[in-house]
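J.:
There are 2 protein chains.
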Amino acid sequence: MSERKKRKPGETREKLMSAVLTLVGKGRHFASLGIREVTRQAGVVPTSFYRHFRNMDDLGLQLVDELGLVLRRMMREARENVLQADKLIEESVGIFVSHAQANRSYFLFMAQGLAGESRAIQDGIRSEMRYFASELANDLRRLKMVDHLSDGDLDMTCDLVVRSVAFSLTDLIGVSADDEYQIEQIRKRTCRFLQLIFVGAAHWDR
Amino acid sequence: MSERKKRKPGETREKLMSAVLTLVGKGRHFASLGIREVTRQAGVVPTSFYRHFRNMDDLGLQLVDELGLVLRRMMREARENVLQADKLIEESVGIFVSHAQANRSYFLFMAQGLAGESRAIQDGIRSEMRYFASELANDLRRLKMVDHLSDGDLDMTCDLVVRSVAFSLTDLIGVSADDEYQIEQIRKRTCRFLQLIFVGAAHWDR
DNA sequence: ACAACATGTGAACAAGTGTACACATTAAGC
DNA sequence: GCTTAATGTGTACACTTGTTCACATGTTGT
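Taken in sequence, the protein lines are chains A and B.
Here my numbering is used: the first sequence runs in plain steps of one and ends on residue 252.
Here my numbering is used: the second sequence runs in plain steps of one and ends on residue 252.
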């Protein structure tokens, strides 16, 4: 295979997907976007859309896949940086918040998709959250922090943790991306939520 | 004032608002609805819309107000029926789930609005949730169940409770309205979440 | 070099959109 | 009963929408 010429393959595809993210980042809702609007934002003729996607839901599903990559990157960074257990929550939530800012549009899209119009996208995002929760359960087991919990109870706990963190996305929506004070408040509150949950888990028995 | 004739005042207004709820109940997202589509569903000519609302966001805001009434009715029913404290969680979650089924469209609209396109609607729904959480805190204080918690910690706990219940709305979206088994699963899981949170609150200190 | 293919483009269409205006009907107040 | 305001209706206009088609261009494999 030789080196690529002027136009990289899949360049328009990327432009279309990031056009959606741009519009979502500007406050638009995915469900209200049309093909023409997206192609216009991407600087491409409407017909090009069909070269890469069958319809908007198709594009949304591929965005969910990219979202999965973003989440995995975040998870890896958390695993590398959270070494000692005592600051586990603070570190993890901090990494989450900074990723949510760096990839704001992806997380906005995620928050929208959970109650969005496309069932397939809903399921995709829910599936990503389940995977995330199960990985979290694995990590907690490995760190020997939850030996007294049954597998089912640990899964439930991690599910609740992931949900609580995900819900804080709706808080982040409400503040402008550079309002450091408000973001710090959200970060602290999310930490307290998780601490409360882990205190509950530590005293859970039945 | 005399009795009303054929056309009740505000009849079209109601028809428009419930037309939106009908469409949302069918799986559509509020952000993707247009004036013409709503008036068509309501069996009304497009121009009538402007007699009652300035635009779709205006209608959405008035729907948030009605949602507030629905939530208050639910709260009243919970207060009447939850007498003994030992079954507090089961009873409350049960009442929530049954209300969420009876007013499915309202709660779908609520779940959508949290990450919706209109900032005003987002804020409205968040405000309803805050009110709900503060009322819950009052009740718990009155029942003498949380004497060891400071006001701030109690507020946080109730906030987390309300969020967890609200998040289960996104679960209810995913199942058809008559899938009793799945709904029962969601009910049980939500109960466990709340139990875990309350165990955490019972052992919370600092 | 040439065929096969993937990708981008412009014009075109029918259908749907938001909104304004003038007009009809009804309800309420004097 | 008459006036006034509120509410519903039909028409119209300028745009936007999704989608198709025929065609141009560039890339790849042989």
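Glycine included, each C-beta is placed from N, C-alpha and C at the ideal position.
Every value quoted in this text rests on a predicted model; they were computed, and no experiment measured them.
By the three-class DSSP mapping on this structure, what secondary structure does B:K72 have?
T.: Sequence index remark: in the second sequence, residue 72 of chain B carries index 26 (1-based). Here B:K72 sits in coil by DSSP.
J.: Quick one: what does DSSP say B:G140 is sitting in, helix, strand or coil?
T.: Here residue 140 of chain B refers to the residue found at position 94 when the second sequence is read from its first residue. Of the three classes helix, strand and coil, the one that applies to B:G140 here is helix, per DSSP.
J.: What residues in the segment 170-182 of chain A bring their beta carbon closer than 8 Å to a beta carbon of chain B?
T.: Listed in sequence order: R172.
J.: Can you have a look at A:N101 and say buried or exposed, based on whether 16 or more other CB atoms are within 10 angstroms of its CB?
T.: Mapped onto the first sequence, residue 101 of chain A falls at position 55. Classification for A:N101: exposed.
J.: Alpha carbon to alpha carbon, how far is A:F142 from B:A183? Give it in angstroms, no decimals.
T.: Taking the second sequence and counting its residues from 1, the one referred to as residue 183 of chain B is at position 137. Taking the first sequence and counting its residues from 1, the one referred to as residue 142 of chain A is at position 96. Distance between the alpha carbons of B:A183 and A:F142: 29 Å.
J.: Note down, in chain order, every chain B residue with its Cβ under 8 Å from the Cβ of A:G73.
T.: Here the question's residue 73 of chain A lines up with position 27 in the first sequence. Within 8 Å Cβ-Cβ: E163 and R165.
J.: Given a cut-off of 9 Å on the beta-carbon distance, is the pair B:I171 and B:S210 in contact?
T.: The sequence position of residue 171 of chain B within the second sequence is 125, counting from 1. The sequence position of residue 210 of chain B within the second sequence is 164, counting from 1. The answer is no: Cβ separation not under 9 Å.
J.: With DSSP run on the structure shown, which of helix, strand or coil describes A:K52?
T.: As a working mapping, residue 52 of chain A is identified with position 6 in the first sequence. Note on A:K52: pLDDT 44, under 50, position unreliable in the model; the coordinate value appears next. DSSP places A:K52 in coil when its eight states are reduced to three.
J.: At a Cβ cut of 8 Å, what residues of the segment 213-239 of chain B count as close to chain A, listed as they run along the chain?
T.: Per Cβ criterion, the list reads F213, L215, T216, I219, G220, R235, R238 and F239.
J.: Looking at the secondary structure, which residues open and close the alpha helix (DSSP H) in which B:K234 lies?
T.: Stepping through the second sequence from its first residue, residue 234 of chain B is reached at position 188. E226 to A248 is the extent of the alpha helix (DSSP H) around B:K234.
J.: Name the chain B residues that come within less than 7 Å of A:L206, Cβ to Cβ?
T.: Counted from its first residue, the first sequence places residue 206 of chain A at position 160. Chain B residues near A:L206: S210, F239 and L242.
J.: For a quick check, are the C-beta atoms of A:F239 and B:M156 less than 9 Å apart?
T.: Residue 239 of chain A sits at position 193 when you count from the first residue of the first sequence. Residue 156 of chain B sits at position 110 when you count from the first residue of the second sequence. Result no, Cβ atoms of A:F239 and B:M156 do not sit closer than 9 Å.
J.: Can you say whether A:S173 is buried or exposed, counting buried as having 16 or more other CB atoms within 10 angstroms of its CB?
T.: Along the first sequence, read from residue 1 onward, the residue named residue 173 of chain A stands at position 127. Under this definition A:S173 is an exposed residue.
J.: Taking DSSP as the reference, what is the three-state secondary structure of A:G159?
T.: The residue labelled residue 159 of chain A in the question sits at position 113 within the first sequence. In the structure shown, A:G159 sits in a helix (DSSP, three-state: H, G or I).
J.: I believe A:L215 touches A:L200 by the beta-carbon criterion, under 8 Å. Please report the beta-carbon distance rounded to the nearest angstrom.
T.: Locating residue 215 of chain A in the first sequence gives position 169, counting from the first residue. Locating residue 200 of chain A in the first sequence gives position 154, counting from the first residue. Actually they are not in contact, since the Cβ atoms of A:L215 and A:L200 sit about 24 Å apart, beyond 8 Å.
J.: Tell me where the alpha helix (DSSP H) around B:N101 begins and ends.
T.: Here residue 101 of chain B refers to the residue found at position 55 when the second sequence is read from its first residue. Where B:N101 is concerned, there is no enclosing alpha helix (DSSP H), given that its DSSP letter is neither H nor E.
J.: For A:E137, which residues of its own chain have a beta-carbon under 8 Å away from its beta-carbon, when the five flanking residues on both sides are left out?
T.: In the first sequence, residue 137 of chain A corresponds to position 91, counting from 1. Answer for A:E137: A124, N127 and V128, listed in chain order.
J.: Give the interface partners of B:M202 over in chain A, defined as CB-CB distance under 8 Å, in chain order.
T.: On the second sequence, residue 202 of chain B is found 156 positions in, with the first residue counted as 1. R235, R238, F239 and L242, listed in chain order.
J.: Looking only at its chain, what residues have a beta carbon closer than 7 Å to the beta carbon of A:E163, apart from the 5 residues adjacent to it on each side?
T.: Here residue 163 of chain A refers to the residue found at position 117 of the first sequence. If we look at A:E163 and ignore the five residues flanking it on each side, its Cβ neighbours are A77.
J.: Of the residues B:V207, B:M175, B:R82 and B:I135, which one's Cα is nearest the Cα of B:L115?
T.: Taking the first residue of the second sequence as position 1, residue 115 of chain B is located at position 69. Ranking the options by Cα distance to B:L115, first place goes to B:M175.
J.: Interface residues of chain B around A:V245 at Cβ under 7 Å?
T.: The residue you call residue 245 of chain A lines up with position 199 of the first sequence. Within chain B, the residues near A:V245 are G246, H249 and W250.
J.: Run through DSSP, which three-state label would A:R252 get?
T.: Counted from its first residue, the first sequence places residue 252 of chain A at position 206. Coil at A:R252, not helix or strand.
J.: Please list the terminal residues of the continuous alpha helix (DSSP H) segment that includes A:N184.
T.: Residue 184 of chain A sits at position 138 when you count from the first residue of the first sequence. A:N184 -> alpha helix (DSSP H) spans R165 to R188.
J.: If you measure beta-carbon to beta-carbon, which residues of the segment 78-103 of chain A are closer than 8 Å to chain B?
T.: Hits within the stretch, in order: S78.
J.: Hey, quick one: how far does the alpha helix (DSSP H) through B:D132 stretch, first residue to last?
T.: Taking the second sequence and counting its residues from 1, the one referred to as residue 132 of chain B is at position 86. From DSSP, B:D132 is part of no alpha helix (DSSP H); its letter is neither H nor E.
J.: Suppose you measure from the CA of B:I229 to the CA of B:F153; what does that come to, to the nearest Å?
T.: On the second sequence, position 183 is the one that residue 229 of chain B refers to. On the second sequence, position 107 is the one that residue 153 of chain B refers to. Each residue's Cα considered, the two are about 15 Å apart.
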